[in-house]
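Each remark here refers to the structure printed beneath this line.
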Amino acid sequence: MSTLGVLLIGGKRSHQESHAAVFTNHPRCRLVAVADEADAPHMRHDLNQELADDHGIPYIRDVDEALARTDVQIVSMCARMERRGVVAVKCAEAGKHVYLDKPLCGSVEAADAIVEAMDKAGVVNQMYSSVHSGWVQRAKHAIESGALGTLRAIHCEELFAKGPPGTAPANVVRKEKERHTEFTFPESKREMFDIGVYPLTVIHLLTGQKAESVTALTGNYFFAEHVENDTEDFGSISMQLEGGISASIISGRFGYMSHPGGGVQRIVLVGDRATATFDANRPRVEVYNTDPSFVQPDRDPFDPMRMWGSTDERVPMMPRNRWRRLDGGRDVMVDDIAAFVDCIESEDRPLITAREAAQPVEILMAAFISAAQNKEIQLPIPRHPVPRTQSD
Amino acid sequence: MTTTQTDHLEQLDLAVRRAIDDGSLGTPRFARFVAYSPLNGLTTITANRLAAMSEGWFGRPCASRTTRRNPTGVSVTDLLKWPGGQGALIVVSSSPQATGASIDLMLLGSRGVLYHEA
Chain P
491 MSTLGVLLIG GKRSHQESHA AVFTNHPRCR LVAVADEADA PHMRHDLNQE LADDHGIPYI
551 RDVDEALART DVQIVSMCAR MERRGVVAVK CAEAGKHVYL DKPLCGSVEA ADAIVEAMDK
611 AGVVNQMYSS VHSGWVQRAK HAIESGALGT LRAIHCEELF AKGPPGTAPA NVVRKEKERH
671 TEFTFPESKR EMFDIGVYPL TVIHLLTGQK AESVTALTGN YFFAEHVEND TEDFGSISMQ
731 LEGGISASII SGRFGYMSHP GGGVQRIVLV GDRATATFDA NRPRVEVYNT DPSFVQPDRD
791 PFDPMRMWGS TDERVPMMPR NRWRRLDGGR DVMVDDIAAF VDCIESEDRP LITAREAAQP
851 VEILMAAFIS AAQNKEIQLP IPRHPVPRTQ SD
Chain R
197 MTTTQTDHLE QLDLAVRRAI DDGSLGTPRF ARFVAYSPLN GLTTITANRL AAMSEGWFGR
257 PCASRTTRRN PTGVSVTDLL KWPGGQGALI VVSSSPQATG ASIDLMLLGS RGVLYHEA
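So the sequences go chain by chain: P and R. Each residue of the first sequence is one higher than the one before, starting from 491 at the first, in my numbering. Each residue of the second sequence is one higher than the one before, starting from 197 at the first, in my numbering.
This is how it looks when you write it as structure tokens:
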């Protein structure tokens with residue numbers, strides 16, 4: 491069986507670190523090269539070169555040249571958030587299958603462009619998400635079994651236990667903006683946006699329904715870095731879905747010491763027959779012994795929120811080993827990428843294509859507007875025409 | 197709410213206030229409740245009680261409250277906001293059966309989190 495050539499767009503200090511590691515170990519894939527736009531920032535080129543060097547593959551500073559290669563069948567697309575609307579479209583137009591980083595992009599206009607390009611090209615495309623994890627699949631099975639009756643409400647939450655909390659000024663009140671054009675900061679992310687995509691994607695998978703209206707709040711509750719970059723560290727969204735289903739999420743980053751494991755991942759399903767909870771940290775065993783308990787690592791000025799795996803090489807972090815999931819803490823990206831490759835080979839449709847991934851983008855953009863205006867926002871939100879080169 | 201639930205909430209309220217007062221959480225910023233009320237029709241009463249508890253912890257009444265109430269009465273979802281930036285999300289259900297806790301609270305503070313499930 492021939493292997494599938496994988497082009498990596500984006501490098502170190504992006505989710506490509508993880509994508510590349512999983513594609514490297516996939517028996518039916520081989521890495522071909524790293525690439526990015528020629529006019530990417532100088533530091534981005536350096537970080538891309540580092541990833542290429544790590545894997546012993548070339549770095550091509552021209553994404554068009556890289557996409558023209560006939561030995562590339564798959565693109566793992568982790569372009570900067572600000573450029574995804576352009577780069578993902580190029581990948582589709584080049585006829586490559588595309589494994590998309592999450593969130594899909596940073597605007598509804600870019601999401602529309604990506605969906606249209608993927609549909610037109612007919613390529614297999616999938617956004618990384620947690621939908622293949624065991625706890626999400628158990629929730630899906632519970633709905634499909636009929637045990638809950640008709641689904642009336644759903645709540646889903648994801649909080650990352652990373653970063654040194656307690657540094658945000660106590661009396662800061664976040665003033666949200668309706669629209670964001672900057673998403674890339676060394677010290678922080680837009681956490682409702684970046685982490686909220688997980689529970690929103692899960693809700694879309696489990697209900698199959700679009701949101702009709704959104705109310706949201708964002709906060710600067712924990713970290714000075716987020717205040718300084720004007721990025722939220724927390725968000726909560728309440729939604730009315732089609733079909734009369736109420737939905738809600740909380741998402742964010744709340745600090746190393748805020749949870750015994752890696753963080754909170756939970757789904758609550760309310761049906762007219764039964765209510766059920768599904769938790770990524772359950773079932774588990776708990777181990778308490780003479781080993782030292784987890785202590786938050788020293789602050790790394792290059793990655794204080796511990797966003798990237800490569801930070802471990804500079805500032806090691808103690809393992810959190812009190813809570814141990816029965817599945818051994820399986821890496822969901824392994825299953826997600828395996829499902830993507832299976833879809834390419836079997837010509838099946840992935841669970842979360844760009845079309846499904848566009849729905850969380852729409853909700854998140856509406857959530858920013860809601861938080862800024864302090865009112866409920868009806869979906870779909872208005873589109874603003876933009877030149878193609880600026881479509882994100 | 198049943199008498200047992202009322203007693204439980206009063207004890208929980210006091211325990212949370214002690215944790216806030218001793219500084220364990222830093223400044224309380226967001227409360228998330230997932231509650232189960234066994235009697236249909238009491239979801240709103242339960243949500244109101246939990247909202248009142250949150251107002252006590254944040255030291256003043258909320259400024260806005262968005263409620264999504266299922267027509268069957270089986271669920272209520274409230275998103276509350278305070279002038280100081282604090283918030284609360286309250287999900288109450290009253291399905292005939294339930295797995296999980298009757299009260300699941302996560303109170304996020306600026307430097308720590310309080311969890312309660314019972």
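Every residue gets a Cβ at the ideal spot worked out from N, C-alpha and C, and that includes glycine. The structure displayed is predicted, hence computed values, not measured ones.
Any chain R beta carbon closer than 7 Å to residue i
i	result
His645/P	yes
Leu707/P	yes
Ser728/P	yes
Arg664/P	yes
Ala660/P	yes
Thr801/P	no
Ala714/P	no
Thr765/P	yes
Same chain only: Cβ atoms within 6 Å of residue i, ignoring 5 sequence neighbours per side
i	result
Asp789/P	For clarity, residue 789/P is Arg in the given sequence; the question names Asp instead. Counting only Cβ-Cβ distances below 6 Å, and skipping sequence neighbours, we find Pro654.
Asp561/P	Gly495 and Val522
Ile910/P	What the structure shows of chain P is the stretch from 491 to 882, and residue 910/P is not part of that stretch, so it cannot be assessed.
Ala828/P	none
Ala714/P	Thr657 and Ala658
Ser738/P	His645 and Ser728
Met807/P	Pro787
Lys502/P	Leu537, Glu540, Leu541 and Ser800
Arg307/R	Gly222
Trp625/P	Phe768 and Ala770
Per-residue contacts from residue i into chain P (C-beta, under 9 Å)
i	result
Asn266/R	Arg642, Ala643, Gly734, Ile735, Ser736, Val760 and Asp762
Within chain P, partners of residue i - CB distance below 8 Å
i	result
Ala242/R	The identity of residue 242/R in the sequence shown is Thr, whereas the question assumes Ala. In chain order: nothing, as chain P lies at least about 13 Å away.
Phe226/R	Gly709, Tyr711, Phe724, Ser726 and Ile740
Contacts that residue i makes with chain R (C-beta to C-beta distance below 7 Å)
i	result
Pro655/P	Ser306 and Arg307
Ser678/P	Simply none; closest approach about 16 Å.
Ser748/P	Gly308 and Val309
Chain P within 7 Å of residue i, Cβ atoms only
i	result
Leu275/R	yes
Arg261/R	no
Beta-carbon contacts of residue i that lie in its chain and below 7 Å, excluding the five residues immediately before and after
i	result
Gln506/P	Leu498, Gly500, Leu541, Ser566 and Cys568
Val805/P	Pro787, Asp788 and Asp790
Ala861/P	Glu666, Ala706, Leu707 and Thr708
Tyr746/P	Ala651, Lys652, Gly653, Pro654 and Gln786
Gly639/P	Gly761, Asp762, Arg763 and Ala764
Gln563/P	Leu494, Gly495, Lys586 and His587
Chain-ordered neighbours of residue i on chain R, where CB pairs are closer than 8 Å
i	result
Met795/P	Correct list: empty, because the minimum Cβ distance to chain R is about 15 Å.
Ala629/P	Result: empty, since nearest Cβ-Cβ is about 12 Å, beyond 8 Å.
Phe744/P	Leu304 and Val309
Thr560/P	Simply none; closest approach about 51 Å.
Neighbourhood of residue i by C-beta, 8 Å cutoff - its chain only, sequence neighbours within 5 removed
i	result
Arg213/R	Gly252 and Trp253
Gly585/P	Ala611 and Val613
Leu310/R	Val212, Ala215, Ser220, Leu221, Leu301, Met302 and Leu303
Arg520/P	Thr493, Leu494, Gly495 and Val496
Contact set between residue i and chain R, taken where Cβ atoms lie within less than 9 Å
i	result
Ala770/P	Chain R residues near Ala770/P: none, gap ~14 Å exceeds 9 Å.
Thr721/P	Neighbours of Thr721/P on chain R: none; closest Cβ ~15 Å, over 9 Å.
**Asked** Taking Cβ-Cβ distances below 7 Å as the criterion, which residues of the segment 278-300 of chain R are in contact with chain P?
**Response** Gly280, Gly281, Gly283, Leu285, Val287, Ser289, Ser291, Pro292, Gln293, Ala294, Thr295 and Gly296
- Query: At a Cβ cut of 8 Å, what residues of the segment 199-222 of chain R count as close to chain P, listed as they run along the chain?
  - Reply: Gly222
**Item:** Contact between the segment 726-744 of chain P and the segment 275-285 of chain R (3+ Cβ pairs under 8 Å)
**Value:** yes
*asked:* So if I threshold CB-CB distances at 7 Å, which residues from the segment 599-618 of chain P count as touching chain R?
replied: none
*asked:* Could you check whether the segment 744-760 of chain P touches the segment 657-671 of chain P, counting it as contact only if at least three pairs of C-beta atoms, one from each stretch, sit closer than 8 Å?
replied: no
Touching by the beta-carbon criterion (3+ pairs, under 8 Å), the segment 702-720 of chain P and the segment 765-776 of chain P = no
Using 8 Å as the Cβ pair cut-off and three pairs as the minimum, do the segment 501-512 of chain P and the segment 560-572 of chain P touch? yes
- Any residues in the segment 233-258 of chain R with a beta carbon nearer than 7 Å to a beta carbon of chain P? Which ones, in chain order? none
The segment 860-870 of chain P / the segment 692-702 of chain P touching (three or more Cβ pairs under 8 Å): yes
>> Tell me whether the segment 643-658 of chain P and the segment 834-853 of chain P touch, counting them as touching only if at least three CB pairs, one residue from each stretch, are closer than 8 Å.
In response: no
Can you list, in chain order, the residues of the segment 853-875 of chain P whose Cβ is nearer than 7 Å to any Cβ on chain R? Asn864 and Glu866
Could you check whether the segment 851-858 of chain P touches the segment 268-278 of chain R, counting it as contact only if at least three pairs of C-beta atoms, one from each stretch, sit closer than 8 Å? no
Which residues of the segment 560-589 of chain P have a Cβ closer than 8 Å to any Cβ of chain R? Give them in chain order. none
Exercise. Please confirm if the segment 591-601 of chain P is in contact with the segment 831-839 of chain P, defined as three or more CB-CB distances below 8 Å between the two stretches.
Key: no
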